[in-house]
Structures are given as structure tokens and as C-alpha cells.
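Okay, so here's the structure we're looking at.
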Amino acid sequence: MIIDTVLWSRLVTGLTLSFHVIFATIGVAIPLMIAIAELVGIRKQDHHYTLMAKRWTRGFIISVAVGVVTGTAISLQLALVWPNFMQLAGNVIALPLFLEVFAFFFEAIFLGIYLYTWDRFRNPYIHWLLTIPIVLGASMSAFFITTVNGFMNQPAGFTLEHGQFTAVYPLQAMFNEATPSKVFHVLTSAYMTGAALLAAIAAFSILRKGATDYTKKALKLMMSVLLVFSFLTALAGDTAAKFLAEHQPEKLAAAEWHFETAKGADLIFFGWLNAEREVIGALHIPKALSFLAFSDFNAEVTGLNEFPADEQPPLWVHYLFDFMASIGFILLAVSAFFFLFLFWKKRNEYNRWLLRAIVLGAPLAFLAVELGWFYAEVGRQPWIIRGYMRVEEAATTSPSIMPLFFLFLLLYIVLGTLCIIVLRRLFRNNPAEVELEKIAATHAAKAKEEGELPS
Amino acid sequence: MSYEIIGISVLWIFLYGYLIVASIDFGAGFFAFYARATGKDHLINRLISRYLSPVWEITNVFFVFFFIGLIGFFPAAAHYYGSSLLVPGSIAIVLIAIRGSFYAFENYGSKKNIVFLFLYGATGLLIPPSLSVALVLSEGGFIIENNNVVTLEYMKLLTSPLAWSIVALAITSVLFISASFLTFYADRADDQPALKLLRGYALFWSTPTIIAAFTAFLYLSQYNARHFQNMMNLWWLLGLSVVFFLIVLWLLYKERRYGWAFISVMLQFGCAFFAYGIGHYPYILDPYITVQGGATGEAMGIALVAVFIGGLLLLIPSLVLVFRLFLFDADYVKGKR
Numbered sequence: 000m001i002i003d004t005v006l007w008s009r010l011v012t013g014l015t016l017s018f019h020v021i022f023a024t025i026g027v028a029i030p031l032m033i034a035i036a037e038l039v040g041i042r043k044q045d046h047h048y049t050l051m052a053k054r055w056t057r058g059f060i061i062s063v064a065v066g067v068v069t070g071t072a073i074s075l076q077l078a079l080v081w082p083n084f085m086q087l088a089g090n091v092i093a094l095p096l097f098l099e100v101f102a103f104f105f106e107a108i109f110l111g112i113y114l115y116t117w118d119r120f121r122n123p124y125i126h127w128l129l130t131i132p133i134v135l136g137a138s139m140s141a142f143f144i145t146t147v148n149g150f151m152n153q154p155a156g157f158t159l160e161h162g163q164f165t166a167v168y169p170l171q172a173m174f175n176e177a178t179p180s181k182v183f184h185v186l187t188s189a190y191m192t193g194a195a196l197l198a199a200i201a202a203f204s205i206l207r208k209g210a211t212d213y214t215k216k217a218l219k220l221m222m223s224v225l226l227v228f229s230f231l232t233a234l235a236g237d238t239a240a241k242f243l244a245e246h247q248p249e250k251l252a253a254a255e256w257h258f259e260t261a262k263g264a265d266l267i268f269f270g271w272l273n274a275e276r277e278v279i280g281a282l283h284i285p286k287a288l289s290f291l292a293f294s295d296f297n298a299e300v301t302g303l304n305e306f307p308a309d310e311q312p313p314l315w316v317h318y319l320f321d322f323m324a325s326i327g328f329i330l331l332a333v334s335a336f337f338f339l340f341l342f343w344k345k346r347n348e349y350n351r352w353l354l355r356a357i358v359l360g361a362p363l364a365f366l367a368v369e370l371g372w373f374y375a376e377v378g379r380q381p382w383i384i385r386g387y388m389r390v391e392e393a394a395t396t397s398p399s400i401m402p403l404f405f406l407f408l409l410l411y412i413v414l415g416t417l418c419i420i421v422l423r424r425l426f427r428n429n430p431a432e433v434e435l436e437k438i439a440a441t442h443a444a445k446a447k448e449e450g451e452l453p454s
Numbered sequence: 000m001s002y003e004i005i006g007i008s009v010l011w012i013f014l015y016g017y018l019i020v021a022s023i024d025f026g027a028g029f030f031a032f033y034a035r036a037t038g039k040d041h042l043i044n045r046l047i048s049r050y051l052s053p054v055w056e057i058t059n060v061f062f063v064f065f066f067i068g069l070i071g072f073f074p075a076a077a078h079y080y081g082s083s084l085l086v087p088g089s090i091a092i093v094l095i096a097i098r099g100s101f102y103a104f105e106n107y108g109s110k111k112n113i114v115f116l117f118l119y120g121a122t123g124l125l126i127p128p129s130l131s132v133a134l135v136l137s138e139g140g141f142i143i144e145n146n147n148v149v150t151l152e153y154m155k156l157l158t159s160p161l162a163w164s165i166v167a168l169a170i171t172s173v174l175f176i177s178a179s180f181l182t183f184y185a186d187r188a189d190d191q192p193a194l195k196l197l198r199g200y201a202l203f204w205s206t207p208t209i210i211a212a213f214t215a216f217l218y219l220s221q222y223n224a225r226h227f228q229n230m231m232n233l234w235w236l237l238g239l240s241v242v243f244f245l246i247v248l249w250l251l252y253k254e255r256r257y258g259w260a261f262i263s264v265m266l267q268f269g270c271a272f273f274a275y276g277i278g279h280y281p282y283i284l285d286p287y288i289t290v291q292g293g294a295t296g297e298a299m300g301i302a303l304v305a306v307f308i309g310g311l312l313l314l315i316p317s318l319v320l321v322f323r324l325f326l327f328d329a330d331y332v333k334g335k336r
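Protein chains in written order, with numbering that gives the first Met the number 0: chain A, 0 to 454; chain B, 0 to 336.
Structure representation (C-alpha cells):
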């Protein structure tokens, strides 16, 4: 019975987080893309980019709403589903949670202003400046929440004696050893995913309706952002793996199916395990794991067998890790090909197969974000606060958690479906070309009016 | 002043802020739906959406802020309230989620939809009661701890007249606060038909509000004599609240100074809310959590207070900017921008 409530508690939280992280990623990434498009529009005096920023904002605000309400849900669920975790962790990690609310508050205020002041300032840079607090607020929210996740992996900043805290250092808890690599990875991968999403929308429109100046500009802009951030994400992933090798070796060992501590360890790519925990059918890259972990082909990598059996993460995290990393490299390759084709005149960068790959990139990028978070969370098992509190000690004991899972499942299905319907309706009935014609018509009317008036 | 006192004061002030802004928001949702259903939406809905569109997320953040702050300053609250409120808390989450997202779907989506608006309006009336349950529980006796297992006495709660009177107070206050704010907003927008309608709503909801308040107070005296006595010691604060209520009624009736009328509404609720809060001291959850006993360690407490002050320095100018752009910019309110 106890095990059941723990399992349902994990399912409820996993459900809410996997739904929320889609919108959280959009919420972190899209403001940056809007800011870039608006700035390019002002500098080049090209209203295509300004329209891009406007249209993205319109879609963004709807996804923000879902992000806000699911964010509220998870912040309440932390206390409702994991009361003992929050009681213990609240003493140490309340600071970044509190700061996150401030960061979001800041973002929400400026988002409201940004949305309703497109034509209120004479100098276009003033409106653009409003994107800065939005981008900062969104990214700082991600930063603060990631420090909390870092704390769960690398608890720091307190001394626990007989279940009592004798000394708490909030800043040490926040800047725990997991924080830098995690924040780097979370932010770069979010920006990468945002760019992949917007590039995919442009590519999809080109495939369906043919290329226009507007869609070409949008695609090119987002592909360049994608190239930068898919490269940075790969770098961040490498940093994160090196961090794990040093500070949380059981998590890396589980992901790599590295059982015996060894020097010059092989990297095992996919494959499966037989009953004796032997790896079958995998691609072995000699000494690559040692290199990945310590930048040295002969370094010693700690194996999973060094840890007691009841403190080992489940072994299926191997697949999460491998799929996530593969998608990262696919996205890097797709954006690299796009620019290769762009500069290599013999090839066409609007090649249908490349466009299809770009369209596919968006769901893949979101899948990679999900896989990454599942790896981060499942790879920490059985701990909720590594070394201090186990998941089963933290969960609620109320059996009502089981029906609540289905209540939340229904809620997210409804919200997700309606969000897609509303977004589709918003853009299908109002394509960019029609809006551009309208803008051109008002410009013409204005010019005519000014021409008729004696100046 | 110790950091625990600063902490609880800050939280209570924020909860008061949430009470006001959320009431405006929740009530506006209901009035928007009610007006649509009775065919009067052409009178007020443009006005309501002009005010609500830029601020609804800010309202939501007030609540999360209070909640996270409470757990930050008083982690034991997570243990007691978290364990016992799993079901009502989850229902509140679902309502808040439906409300927030449906507002965005209805407002930013391209097609107006009466179902979205209905859910938006209805949830606006259901959320305040579900949140006010937490205040009822804090009076003690509904949350029981045995062998470290915390449970909520559902039957006792559902049959408690105190609980129902507080629920009634929550609903009536929401409608009263909201109608008096929107009356003021309509006056600023110089929108006479809307003003007339909203002033009618405000006057209509004033009497049920004050009756519900006295009823809740009466049941409190029977349920928690200590709290009641503490509040009676603050009789002057309660008296001020009644005086402000009379000022509101007089100004609304005389059709003048709607801005002052709304400020008086805020003061009326402020006096009563602080009399209630100060009377509650030292308990956060009677008898399990007290302000001193349940507080987090000193280092975290001071860090949170420092962040709070820093955050306010950032937020107050930003909020002033919002108010100047959307609330006190007569051209915007009138729809010229």
C-alpha cells in the first residue's frame, strides 16, 4: 500500500512535469527569439521581421498561459504530493524557489506591457527594450528552478544532525556543485528547442504553400540560432557528463552501462542487457567513455558495482541518455547542412528533404528535453535528496493520490488539445501574407495622404 | 523586530494584496459571463478585458508568491497543510488551471467562445471558497496528526457552520470588491452605461457582504474563543472597517468620487483582514504551527527577507509603470490606445 502511494506520487509529479516542461521550454526560449526578430527588424528596417516578432508573441502568449497554470500546479504539488520533502528542503532551498517567483513576477509584468504597447512609443528601440526584462525574467526563472534540481542531486549548504538542521547556508545550497553544468545545459537546450520549433514552423509553411520572402527570412534566422545553440548544447552536455563522472558517478555509470571500474572505458551505444547484465548488440567505441568523462582516453571511470544495489539507479536510463544525445547531434547536423547548402551554391537549402528534416527537428528537440529530464530525475533514484532522503520517505501517505493522477491526466489532455486548436485557428485564419498585404495597404494609404497634404 | 515577525507580516500583506487583486479578477470574470448571458456584454465586456488582459498573470503570481513564501518561512506548513490539503488543493489547482488558460484561449484566440467564458466565470466563483478553506483549517480542530500522519476531518469541515459562513463571505466579498473597482474603472473610462450597470452590482452585493462578515464573526466566537477575544481586543480596527464600509455605501449611493469609494473598500477589507490576522497570532495552524516555533532557521529567514526587499525595489517601479500605462492612462482606459 505504501509502495503504491509512492508510485502514484511519482506518476502524478512526472505527469505534471513532463507536460509543464514543454511550455516551460517554450517560455524560456521564445522571448529570446522574439527579441532577436524585433531587433533585426528595427536594424534592417524590414517589417517582415517585425511581423515575425508580433506573430510569435501572439502564439507565445497562449502557451505562456498554459505554462503559468501548470507552473502553479507543480509549485503546489511539491507541497501536496511531497510534504516531507518540502518540509526538509524548504529549510535549505526556499531561497531560489522564492527568487523564481520574483523572476516570474518581473517577466509577467513586462510581458503585459510588451503585449499592449506595440504602437505606443515613437522610438521603436524603447519597445524592443521591454524584451530584455522578459528574456532575463524567463531565463532567471529557469536558472533558479534548476538550482533546486541541482540541490536534489548535490545537496549542499547545511549540516544534518539527528534529523535537525544545525547550520544552513542558503547561498551554498543554491550554488551547489551541480548548478553550473545543469544551468548551462538547461538554458542552451531550451534556446535550441525554441529555435527548432520556429524553424520547423517556417519549413512546414514552405513545404505546404511554397517559399515566400517572409518564411525564408524566418527559416534562415531561426536556423542560425539553432546552429549556435545546438553547438552550445553539445558543449553543455559534455560539461554535464564530466560533472557526473566526478561528482555523481553512479548516474553516469547507469546511463553508460559501465559496471566495473576501469581505465580506458568503452562508450556503449544502445544495445540491450541479458539476464547476467551483459551488454549485447551494442556499438562499442573504444576508450570513448573515459574521454567523455575526463578528457583522457586512459582515465579511470567509476563503475556501478561500486555502489550498494539499493542505491543504484534503474538501468533503462541508458536509452534515455542515448536517445537524448543522438537527437542533439541530429539537430546540430541538420542546421550545419542547411548552412552548408546555403553557402555551397550547387545545392539548394530549400531542398524538400532538408525541409522535412527541419520539420521533424521540432518534435525531436522536445523529445530530447523530455528524455533529458527523465534521465535527470530517474537517474537520481532512489534518492529525492541524494544521500539524505529517499523518495519513499518524502511522498504523501494519502491514497487519494491515485484518482488525482487521472484527474490531472484529464486536465492536461484538455489543456493540451485546446491549446493546439486555439493556436491553429489563430494562425490558419490569418496567414502572414495577408497581414503583410494589410500592412502594405496602410503604408500606401498613409503615403498617399501625406503626398496630398501640402507640407 | 525578529525575522519571523517580519516574515509573517510580509506574507500577510501579500495575502491582502492577493485578496484585492484576485477579487477584482475573479469577480470581473463572473460579471463578464453574467453580462454575456443576460445580453448586456456590449456594455461592460470591452471595459473588463481592457483592464484584465495586461494584469491577469500578475494576479496569479501574487498567489504563488504567498504560497512559496509561506513554505519558505514556515516549512512545517508544507507538512501539515500539504498532507491534509492534497484533495482540496488539487481541485483548486485544476480550477486555477482551467481559469487561467481559458482566459487566454478566449481572449487571445481568434474566436469568441461562450463555453470558455462560462468556465472562466464559474471557476472565478469557485476558487475563492476553495482557497478560503485554508483559513478555516487554520482555526484548528480540522487537521489531526496521529503518529506523524496528518489527516483532514472532512465530515467535520463539511458540517461546520464556520466553514460555510467563510465560504459565503469569500464569494460575496469577491463580487463586492470587483464591482466597486470596475465602477471606478468605468468612471475613468467615462463610460456611462457601464458605470450605471456596475454601480448597481456594487450596491447590490454590499449588503450580503456585510451580513456574511457578521455571520462568520459570530461563528468564529463559538468555534475559537481565543481568536475571537483577540479580535475583540482590536475593536477599534473592526470599527474602522465598518466606518469605511459606510463611506463606500454613501459615495456609491451619491454617485460621486468612485476612486475614493474603491480606496475605502480596500481600507474596509484591510482593517478587517488585519484584525483577523493579528488576532490569529501566534498560530499559523492552531495548535501545531506557531510563528516562532514553525519558522525556518535564522540564515534562511534573513536571506528571504533580504530577497524580499530587493525584489520589492525591482517590482514596485515596474508595477507603477503598469498602473500608469493601463490603469491611470485615461486614453488607454477609454480605448483610444
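C-beta atoms are modelled at their ideal positions from N, C-alpha and C, and glycine is treated no differently. In this text the structure is predicted, and so the values were computed from the model without any measurement.
Per DSSP, reduced to three states, the secondary structure at valine 413/A is helical.
Inter-residue distance for alanine 107/A and isoleucine 57/B is about 6 Å (C-alpha atoms, whole angstroms).
Note on geometry: alpha-carbon atoms of leucine 282/A and tryptophan 271/A lie some 11 Å from one another. Apart from the 5 residues on each side of it in sequence, phenylalanine 120/A sits with its Cβ closer than 7 Å to the Cβ of His126 in its chain, given in chain order. Where histidine 283/A is concerned, the enclosing beta strand (DSSP E) starts and stops at 282-284. Excluding the 5 residues flanking it on each side, asparagine 350/A has same chain C-beta neighbours closer than 8 Å at Phe340, in chain order. The beta carbon of leucine 237/B sits closer than 6 Å to those of Ala274, all from its chain and outside the five residues before and after it, given in chain order. The segment 149-162 of chain A makes contact with the segment 376-385 of chain A: 3 or more CB pairs, one atom from each, lie closer than 8 Å. For alanine 166/A, the enclosing beta strand (DSSP E) has its first and last residue at 163-167.
Nearest CB-CB separation between threonine 58/B and chain A: not below the 7 Å threshold. With contacts defined as CB atoms closer than 7 Å, valine 60/B and phenylalanine 103/A qualify as a contacting pair.
The closest CA to that of methionine 222/A, considering only Phe242/A, Ala199/A, Ala233/A, is found on Ala199/A. Annotation for glutamate 297/B: no residue places its beta carbon closer than 6 Å to its own, counting only its chain and skipping 5 residues before and after. Within the segment 290-307 of chain B, the residues whose Cβ lies closer than 7 Å to some Cβ of chain A are Thr295, Gly296, Ala298, Met299, Ala302, Leu303, Val306, listed in chain order.
At least one CB of chain B lies nearer than 7 Å to the CB of valine 100/A. Look at the segment 39-64 of chain A: the residues with a C-beta under 8 Å from a C-beta of chain B are Arg57, Ile60, Ile61, Val63, Ala64. Among the CB atoms of chain A, none fall inside 7 Å of the CB of proline 316/B.
Contact of serine 399/A with chain B by beta-carbon distance below 7 Å involves Leu85, Val86. Assignment of beta strand (DSSP E) within the segment 63-112 of chain B, counting only whole runs of 3 or more residues, yields no such run. Glycine 71/B belongs to the set of residues whose beta carbon lies under 7 Å from a beta carbon in chain A. When the Cα atoms are used, threonine 24/A and threonine 289/B turn out to be separated by approximately 39 Å.
Its Cα nearest to that of alanine 177/A, the residue Thr238/A stands out among Ile357/A, Thr238/A, Leu370/A, Pro307/A. Bounds of the beta strand (DSSP E) holding threonine 150/B are 148-151.
Shortest Cα-Cα distance from isoleucine 284/A to any of Asp295/A, Ala292/A, Leu266/A, Leu31/A involves Leu266/A. When Val114/B, Ile19/B, Ala302/B, Ser177/B are compared, the shortest CA-CA separation from leucine 94/A is found for Ala302/B.
With respect to alanine 52/A, isoleucine 29/A sits apart: the two C-beta atoms are not nearer than 7 Å.
Listed along chain A, the residues sitting closer than 9 Å to isoleucine 95/B by beta-carbon distance are Val68, Thr71, Ala72, Leu75. A residue is called buried once 16 or more other Cβ atoms fall within 10 Å of its Cβ, and histidine 161/A, having fewer, is exposed. Two segments are said to touch when three or more pairs of C-beta atoms, one from each, lie closer than 8 Å; by this definition the segment 313-323 of chain A does not touch the segment 211-219 of chain A. By alpha-carbon distance to alanine 21/B, the top candidate from Leu125/B, Ile113/B, Ala75/B, Leu42/B is Leu125/B. Secondary-structure assignment with DSSP links isoleucine 384/A through a beta bridge to Met388/A.
Annotated three-state conformation of lysine 262/A is strand, per DSSP. Not a single C-beta of chain B is nearer than 7 Å to the C-beta of alanine 155/A. Within chain A, no C-beta atom comes nearer than 9 Å to that of valine 20/B; the closest sits roughly 12 Å away. For leucine 129/A, no CB of chain B lies under 7 Å from its own CB, so it is not counted at the interface with that chain. Shown here, glutamate 249/A sits in a helix according to DSSP, grouped into three states.
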